[in-house]
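Here is the structure we will look at.
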Amino acid sequence: MRTPGLHIFGMVFAPSALFSSVFVTESYYLTPVFRSEFRERCTVIAMPDVCILALGVVASFLGWLFNLIATGAPAWRAVGSILGVPLETIIHQGLWDICTEVPGGGLTCQQKDAQYFAEEVVIAARGLMITSVVLTGIAQILTVLGFRCWRRTPDFLLAGLGGVAVFCGGVFSLVPLAWYTSQLKVMESSGTELHADYCIVLGFIGSSFQLIGGKALPRVFKETGEKCGCKTWKSIITEVPQNLPKA
Numbered sequence: 001m002r003t004p005g006l007h008i009f010g011m012v013f014a015p016s017a018l019f020s021s022v023f024v025t026e027s028y029y030l031t032p033v034f035r036s037e038f039r040e041r042c043t044v045i046a047m048p049d050v051c052i053l054a055l056g057v058v059a060s061f062l063g064w065l066f067n068l069i070a071t072g073a074p075a076w077r078a079v080g081s082i083l084g085v086p087l088e089t090i091i092h093q094g095l096w097d098i099c100t101e102v103p104g105g106g107l108t109c110q111q112k113d114a115q116y117f118a119e120e121v122v123i124a125a126r127g128l129m130i131t132s133v134v135l136t137g138i139a140q141i142l143t144v145l146g147f148r149c150w151r152r153t154p155d156f157l158l159a160g161l162g163g164v165a166v167f168c169g170g171v172f173s174l175v176p177l178a179w180y181t182s183q184l185k186v187m188e189s190s191g192t193e194l195h196a197d198y199c200i201v202l203g204f205i206g207s208s209f210q211l212i213g214g215k216a217l218p219r220v221f222k223e224t225g226e227k228c229g230c231k232t233w234k235s236i237i238t239e240v241p242q243n244l245p246k247a
C-alpha cells in the first residue's frame with residue numbers, strides 16, 4: 001500500500017533528483033576532466049600535420065593557377081631584333097596566340113604564324129598543358145571530398161588519389177616546359193634575339209608547386225588516419241560518459 005508520506009516525498013524530491021542528474025551530466029562537459037579528454041580524443045590533426053596539409057593544399061592550388069595562366073597566355077617565347085620593324089618591337093609567342101608589342105606600349109594579338117604553330121613541340125605542349133590543368137583541377141575536387149572536416153570518416157582513397165593526381169599534373173606540365181625551353185632557339189623565327197617569356201617561368205614554378213603538393217597530400221592523410229582513428233568532435237560530444245564525477 002502506497003503511503004501519503006512516501007507519495008509526497010516522491011513528488012517533491014523526484015524532480016530535484018532528475019534535475020540534479022541532468023545538471024551533473026551537463027556540468028561534466030564543463031569540467032577540466034572532460035576538457036582534457038576532449039583535447040586528447042578530439043585533436044583531429046596534430047600541428048605538424050596541419051602544416052603539411054596546408055602546404056599540400058596551397059601548393060596544389062597555386063600550381064594549378066600558375067599553369068592555367070601559362071597555358072592560356074601568349075608569352076612562351078619572346079622574339080626581338082626583327083628585320084624590317086622598329087628595333088624595340090617584340091613578338092610574344094604562346095601556345096594559342098601571338099602578340100606583337102610595338103614601341104610605346106601598343107600590343108596587337110591574333111597574329112598568324114602557321115610555321116610556328118605547326119612545330120611539334122607546340123602541338124605537344126598544348127595537349128600536355130591542358131591535361132595538366134584538367135587533371136589538377138579534378139585533383140582539387142578529390143582532395144576536398146576526402147577532407148574530414150564535415151565527415152564522420154574521411155575518405156582516404158579520394159584524398160590519396162587527389163595527391164597522386166596533383167603530382168601527375170606537375171609531371172605533365174614539366175615535360176612540355178622543359179622540351180619547349182630546349183627547343184627555344186631551334187624553332188624557326190623572324191628575329192635573332194630569342195629568350196624565354198614569363199609563361200615559362202610561371203610554368204616551372206607551377207609545376208614545382210604541384211610536385212610539392214602531390215607529395216605532401218597523400219602523406220598527411222595517411223598519417224592523420226593512423227593518429228585520429230576516424231573520430232570527429234560530434235561523436236565525442238554525443239557520447240554519454242560512463243563514469244560521471246560526483247557532485
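Residues in the sequence shown are numbered consecutively from 1, following our numbering.
Heads up, the beta-carbon is just placed ideally off N, CA and C, and yes, glycines get one too.
Being a predicted model, the structure only gives us computed values, none of them experimental.
Listed as beta-bridge partners of glycine 80 by DSSP are Glu193. For threonine 100, the pairing in a beta bridge is given by DSSP as Ile91 and Thr108.
When Leu211, Val134, Met187 and Val164 are compared, the shortest CA-CA separation from threonine 71 is found for Val134.
Taken atom to atom, the span from the alpha-carbon of tryptophan 96 to that of glutamine 110 is near 9 Å.
For threonine 89, same chain residues with a beta-carbon under 8 Å away, outside a window of 5 residues either side, are Gly80, Ile82, Thr100, Glu101, Val102 and Pro103 in chain order.
Counting along the chain, glutamate 120 sits inside the alpha helix (DSSP H) bounded by residues 120-146. In the displayed model, alanine 59 falls within a helix according to three-state DSSP. Looking only at Leu65, Leu62, Leu177 and Tyr116, the smallest Cα-Cα distance to serine 190 is reached by Tyr116. CA-to-CA, the gap between phenylalanine 209 and glutamine 140 works out to about 13 Å. Assignment of alpha helix (DSSP H) within the stretch 199-224, counting only whole runs of 4 or more residues, yields no such run.
The Cβ atoms of histidine 195 and alanine 78 sit closer than 7 Å to each other. Glycine 163 and glycine 84 have their alpha carbons spaced roughly 51 Å apart.
The distance from the Cβ of leucine 174 to that of serine 207 is about 4 Å, consistent with a contact at the 8 Å cut-off.
DSSP, read as helix, strand or coil, puts proline 74 in coil.
Rounded to the nearest angstrom, the gap between the Cα atoms of valine 144 and tryptophan 64 is 15 Å.
Excluding sequence positions up to five before and after phenylalanine 66, its CB lies within less than 6 Å of the CB of Leu202, Ile205 and Gly206, all in the same chain and listed in chain order. With a beta-carbon spacing of about 3 Å, glycine 56 and alanine 216 fall inside the 8 Å limit used to define contacts. From the listed residues Gly105, Gly127 and Gln93, the smallest Cα separation to alanine 114 is found for Gln93.
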